[in-house]
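Working notes, structure below.
Number of protein chains: 2
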Amino acid sequence: MLPAIKWESDRVSFLDQRLLPEEVKYVTCRDYRQVKMAIKDMVVRGAPAIGIAGAYAVALATMEAAQNGPRAKNAIEVQEFLRLAASDIKAARPTAVNLAWAVDRVLNKTLAAFASSGLTGAVETAVSEATAIEREDLEVNRKIGEYGASLIKPGSSVLTHCNAGALATGGFGTALGVIRQAWKEKKIARVYADETRPFLQGARLTAWELLQDGIDVTVLVDSAAAYLMSLGRVDAVIVGADRIARNGDVANKIGTFSLACLCRYHNIPFYVAAPLSTLDMNIPSGRFIPIEERPETEVLEFRGKMIAPKGAKAFNPSFDVTPASLVSAIVTEKGVIFPPFEENLSQIAR
Amino acid sequence: MLPAIKWESDRVSFLDQRLLPEEVKYVTCRDYRQVKMAIKDMVVRGAPAIGIAGAYAVALATMEAAQNGPRAKNAIEVQEFLRLAASDIKAARPTAVNLAWAVDRVLNKTLAAFASSGLTGAVETAVSEATAIEREDLEVNRKIGEYGASLIKPGSSVLTHCNAGALATGGFGTALGVIRQAWKEKKIARVYADETRPFLQGARLTAWELLQDGIDVTVLVDSAAAYLMSLGRVDAVIVGADRIARNGDVANKIGTFSLACLCRYHNIPFYVAAPLSTLDMNIPSGRFIPIEERPETEVLEFRGKMIAPKGAKAFNPSFDVTPASLVSAIVTEKGVIFPPFEENLSQIAR
Chain A
1 MLPAIKWESD
11 RVSFLDQRLL
21 PEEVKYVTCR
31 DYRQVKMAIK
41 DMVVRGAPAI
51 GIAGAYAVAL
61 ATMEAAQNGP
71 RAKNAIEVQE
81 FLRLAASDIK
91 AARPTAVNLA
101 WAVDRVLNKT
111 LAAFASSGLT
121 GAVETAVSEA
131 TAIEREDLEV
141 NRKIGEYGAS
151 LIKPGSSVLT
161 HCNAGALATG
171 GFGTALGVIR
181 QAWKEKKIAR
191 VYADETRPFL
201 QGARLTAWEL
211 LQDGIDVTVL
221 VDSAAAYLMS
231 LGRVDAVIVG
241 ADRIARNGDV
251 ANKIGTFSLA
261 CLCRYHNIPF
271 YVAAPLSTLD
281 MNIPSGRFIP
291 IEERPETEVL
301 EFRGKMIAPK
311 GAKAFNPSFD
321 VTPASLVSAI
331 VTEKGVIFPP
341 FEENLSQIAR
Chain B
1001 MLPAIKWESD
1011 RVSFLDQRLL
1021 PEEVKYVTCR
1031 DYRQVKMAIK
1041 DMVVRGAPAI
1051 GIAGAYAVAL
1061 ATMEAAQNGP
1071 RAKNAIEVQE
1081 FLRLAASDIK
1091 AARPTAVNLA
1101 WAVDRVLNKT
1111 LAAFASSGLT
1121 GAVETAVSEA
1131 TAIEREDLEV
1141 NRKIGEYGAS
1151 LIKPGSSVLT
1161 HCNAGALATG
1171 GFGTALGVIR
1181 QAWKEKKIAR
1191 VYADETRPFL
1201 QGARLTAWEL
1211 LQDGIDVTVL
1221 VDSAAAYLMS
1231 LGRVDAVIVG
1241 ADRIARNGDV
1251 ANKIGTFSLA
1261 CLCRYHNIPF
1271 YVAAPLSTLD
1281 MNIPSGRFIP
1291 IEERPETEVL
1301 EFRGKMIAPK
1311 GAKAFNPSFD
1321 VTPASLVSAI
1331 VTEKGVIFPP
1341 FEENLSQIAR
């Protein structure tokens, strides 16, 4: 698997996920503002991956502060610059809490290092903290994979939505990490991938990732999932998450909530796989998760060409919220959490 | 509104629904085999519309028999030719029962006319019967519109799927007929149109039709319907049908069943609008409705360009079956049918 994110001493490159699988091309950013745009434009996407990207963006901002000569070396100005850069980066996309989590983690460590050892120490710390976040994420995903695979019964056909794979993380993936591990354990017969309109993460990214690992994958339009379930061809649904509220409500790619309703109707388990960095214990329920609405053109056009007639409007929420009551279990790096989520999440989050 | 189907003495033309709204172009058929291909390739689509197309195809086949000289004038050969042509036309698409219904209706009348007054009478009858089917369908849709509008509460936001409009019928539409009528009665605040992958009938055709009538329309990806409902922004869902079984199970465009499940979860009424020609009293339930699976490329490619990676498979059912238990009411030209459908449909079908 090609990495979604590559850090090289003074720049970070992203495998351009708008072009895959047709084109394999990296976009290189040497400035945190470029990273912000790469996140905003979905060159890099997926909650853990944009967290890592944001972490490297803070590292780039710290380097910029270090290079900016005497003026920026005024301690208050440096702190101000880093804080503003961090909040700018966090504003790139509002829903995934991993972005804010990773940016704040690097920012806080960097500010502490700056206070104790100046800009040189700050740069070192920013880079090593961002690198740590990336490395830890891979570790976390492997653990999620192992815990999650224990939920999959041998011979299962599993349906997933969007791409919660290596491309969306530091590697291995959350939902696809579970699928990879369960496939390795010979528990999975086949994977169904919702195409995931409008960005087609399923058809383009998940299918691409799974085929590279030799995993049997069949793409379907998002609206066909109900029919597939009614044919008895889905044993479990597993998805990633962009933010999980304290009560277990899950924000994830638009269409996730739809799948969860269909699972309930068909009595199929609905699993969410996510690192604890996706958990937002500060909000009581999904009602408080900001849901990004993206440009109407993402729905009305396809590759720059209009699909819909001129004058048509579009509703384009990028995420939806699945109520905790529809979630069978949440797979984290610390184990599988079952309902009641409010209680069990707060225990594991400690 | 441009008509979806135009009959002109010895040919039938179809507004090419693969190209709308980008291009407005008619495809002209002078041979029933061309009509069959136009149905198969979805130049013309929608259950009532392919019924009308099939009816005209039988008329073209009858003209062909009349023009074929002495050999075809052998009575048994003529009958055989017409029967084979009819079953060939019916094989174009398996799910919508309207196709078989219309073809058989024209065939039977034509064979009777042939027996009593030879080929000249047969041609006259075939053409006038096909024309009658088209004309009646428009009438039927206006009645469906009126009955259906009575179900819509003032100020409603209505969601529809696929295109059950003028383009899918002899004019006015079934589900869109209800919407048109309710809009005229000022009961509808706005219409949401599922884009309806993979053929995008919603984004391309429904949005185009409604905009032409000045009806406020917002397109969304199919998977966003659940989230829209959870925001309280959908007061009713109304769709067409390709075949309704004796027990009220409804085959319609893939994604319909998904919507019906979501309506149940959100306690939103789910209405089906269809002429009685869509009713198949010969089958006890939806389990017996043949569900067409279309080429994988319709999902894996977009306008001839691959979306998914090479090697990916696709599941591409064109329809699904919504169990009667999820249907709030079926709107027909004879009135609104409520559950229990088995009983109430058999009464109206008499």
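Line by line, the protein sequences are chains A and B. Numbered per our numbering, the first sequence spans residues 1 to 350. Numbered per our numbering, the second sequence spans residues 1001 to 1350. The beta-carbon is built from N, C-alpha and C at its ideal position, and this holds for glycine as well.
Asked                                                                                                                                                                     : Found
Classify N1141(B) as buried or exposed, calling it buried when 16 or more other Cβ atoms lie within 10 Å of its own Cβ.                                                   : buried
Which ranges does the beta strand (DSSP E) cover as unbroken runs of at least 3 residues, wholly within the region 85-164 of chain A, from first to last along the chain? : 156-160
If you compare alpha carbons, which of C263(A), I254(A), G118(A) is closest to P198(A)?                                                                                   : I254(A)
As a quick exercise: from A349(A), A241(A), K334(A), L279(A), pick the residue whose alpha carbon is nearest that of D320(A).                                             : A241(A)
In chain order, what are the residue ranges of uninterrupted alpha helix (DSSP H) at least 4 long that sit wholly in the region 221-251 of chain A?                       : 225-230
To the nearest angstrom, how far is the alpha carbon of Y26(A) from that of L15(A)?                                                                                       : 4 Å
Determine the contact status of D1280(B) and A1245(B), defining contact as a CB-CB distance below 8 Å.                                                                    : yes
Just mark I5(A) as buried or exposed, buried being the case when its beta carbon has 16 or more other beta carbons within 10 Å.                                           : buried
According to DSSP, is R1011(B) part of a helix, a strand, or is it coil?                                                                                                  : strand
Kindly indicate which three-state DSSP category P1317(B) falls into: helix, strand or coil?                                                                               : strand
Which bits of chain A does I1133(B) rub up against, with CB to CB less than 8 Å?                                                                                          : Ordered by position in chain A, no residue passes the 8 Å Cβ test against I1133(B), which lies about 29 Å from the chain.
Taking C-beta pairs closer than 9 Å, name the residues in chain A that L1111(B) reaches, listed in chain order.                                                           : Going along chain A, no residue has its Cβ under 9 Å from L1111(B), so there is no contact; the nearest lies around 38 Å.
Between which two residues does the beta strand (DSSP E) containing G335(A) stretch?                                                                                      : 335-337
Would P1284(B) be called buried (16 or more neighbouring beta carbons within 10 Å of its own) or exposed?                                                                 : exposed
If we count Cβ pairs, one from each stretch, closer than 8 Å, do we get three or more for the region 51-58 of chain A versus the region 31-41 of chain A?                 : yes
Under a three-way DSSP split, which group does L200(A) fall into?                                                                                                         : coil
Can you say whether D10(A) is buried or exposed, counting buried as having 16 or more other CB atoms within 10 angstroms of its CB?                                       : exposed
Mind checking who A1329(B) pairs with in its DSSP beta bridge?                                                                                                            : Y1271(B)
Would you report the Cα separation of S117(A) and I89(A), rounded to the nearest angstrom?                                                                                : 25 Å
So T218(A) contacts chain B; which residues on that side make the cut at Cβ distance below 8 Å?                                                                           : A1312, K1313, A1314, F1315
Is it the case that the Cβ atoms of A149(A) and A182(A) are separated by a distance below 8 Å?                                                                            : yes
Name the residue from Q1079(B), D1194(B), V1178(B), P1048(B) whose alpha carbon lies nearest to the alpha carbon of L1167(B).                                             : P1048(B)
Looking at the secondary structure, which residues open and close the alpha helix (DSSP H) in which T206(A) lies?                                                         : From DSSP, T206(A) is part of no alpha helix (DSSP H); its letter is neither H nor E.
Less than 8 Å between CB atoms is the rule here; does M306(A) satisfy it with respect to chain D?                                                                         : The structure shown contains no chain D; its protein chains are A and B.
Counting pairs of Cβ atoms below 8 Å between the region 1084-1101 of chain B and the region 1261-1279 of chain B, do you hit three or more?                               : yes
Starting from the Cα of N1247(B), find the closest Cα among E1343(B), K1143(B), T1256(B) and give me that residue.                                                        : E1343(B)
Rounded to the nearest angstrom, what separates G170(A) and I337(A) at their Cα positions?                                                                                : 22 Å
Can we say the region 295-312 of chain A touches the region 103-110 of chain A, given the rule of at least three CB pairs closer than 8 Å?                                : no
Any C-beta of chain B sitting closer than 8 Å to the C-beta of E22(A)?                                                                                                    : yes
Over what stretch of residues does the beta strand (DSSP E) that includes A1189(B) continue unbroken?                                                                     : 1188-1194
Can you tell which of R1083(B), I1215(B), S1157(B), L1259(B) has the C-alpha that lies nearest to the C-alpha of G1232(B)?                                                : S1157(B)
Would you mind stating whether D1249(B) and P1323(B) have Cβ atoms separated by less than 8 Å?                                                                            : yes
Short of 9 Å Cβ to Cβ, which residues in the region 254-280 of chain A face chain B?                                                                                      : I254, G255, T256, F257, S258, L259, A260, C261, L262, R264, Y265, H266
What residues of chain B sit near L228(A), judged by a beta carbon separation below 7 Å?                                                                                  : F1315
Candidates A1175(B), A1164(B), Y1265(B): which alpha carbon is nearest Q1201(B)'s?                                                                                        : A1164(B)
Answer with buried or exposed for V1272(B), where buried requires no fewer than 16 other C-beta atoms within 10 angstroms of its C-beta.                                  : buried
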